[in-house]
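In our numbering, the protein residues as written are 41 to 219.
By construction, the Cβ of each residue, glycine as well, lies at the ideal position given by its N, Cα and C atoms.
Keep in mind the model is a prediction, meaning the values are calculated, not measured.
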């Protein structure tokens, strides 16, 4: 359960993990605070809106519906898909916009991930979190138009396939930021 501006909150499809499930989503400025609940109806965490338009999030629950961790991303971010790897890490995909030399990706402990991003219009992203909700890396898919990372799939060798769409040419980065 989640509350706070539900008319403008998007919850993604829950995805099973080895020890529970993850839910991606976003909320906007009409919800000054967004609360995430445990299965027993207690508030696990409240997120405070930051930025100008949308904040993305990923919620990691255990098998009993108790929140393990929640991460938040600011600067007009929407998370569409989250996927669990066999090592317990979580990948999230979505889009980010209006970020100029920003650090929009946060760790589960509330600290900012060190990577600075700059985006043009809407750019796709993939973020990898470890089992504790700490960001391991972020990739940005940018170009001269609109780019959205909409879905993820694991490969047999532990890699990740990203599915999305673009309106013009696109530049792809690997996890260390190189093209």
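Checklist entry - If you follow the beta strand (DSSP E) that residue 64 is part of, which residue opens it and which one closes it? => result 60-68
Next on the checklist: Determine whether the beta carbon atoms of residue 113 and residue 96 lie at a separation below 8 angstroms.
Outcome noted: yes
Item to check | For residue 206, three-class secondary structure by DSSP | outcome: strand
Checklist entry - Can you name the residues that DSSP bridges to residue 165? => result 134 and 180
Item to check | Which residues DSSP lists as bridging residue 143, in chain order | outcome: None; residue 143 has no bridge partner.
Checklist entry - So is residue 201 buried or exposed if we call it buried at 16+ other beta carbons inside 10 Å? => result exposed
Checklist entry - Around the C-beta of residue 118, are 16 or more other C-beta atoms found within 10 angstroms, so that it is buried, or is it exposed? => result buried
Checklist entry - Going by beta carbon distance, what residues of the same chain come within less than 6 angstroms of residue 187, once the five residues before and after it are set aside? => result 163, 164, 181, 206 and 210
Checklist entry - By a C-beta neighbour count over all protein chains shown, 10 Å radius and 16 as the cutoff for buried, is residue 57 buried or exposed? => result buried
Item to check | Cβ pair count under 8 angstroms reaching 3, the stretch 146-157 against the stretch 126-133 | outcome: no
Item to check | Straight-line gap, residue 90 to residue 64 (C-alpha atoms, nearest Å) | outcome: 17 angstroms
Checklist entry - Does the Cβ-Cβ distance between residue 166 and residue 184 come in under 8 angstroms? => result no
Checklist entry - Do residue 120 and residue 199 come within 8 angstroms of each other at the CB atom, strictly closer than that value? => result no
Checklist entry - Quick one: complete beta strand (DSSP E) runs, 3+ long, within the stretch 93-138? => result 94-102, 107-113, 117-124 and 130-137
Next on the checklist: Is the beta carbon of residue 107 closer than 8 angstroms to that of residue 78?
Outcome noted: yes
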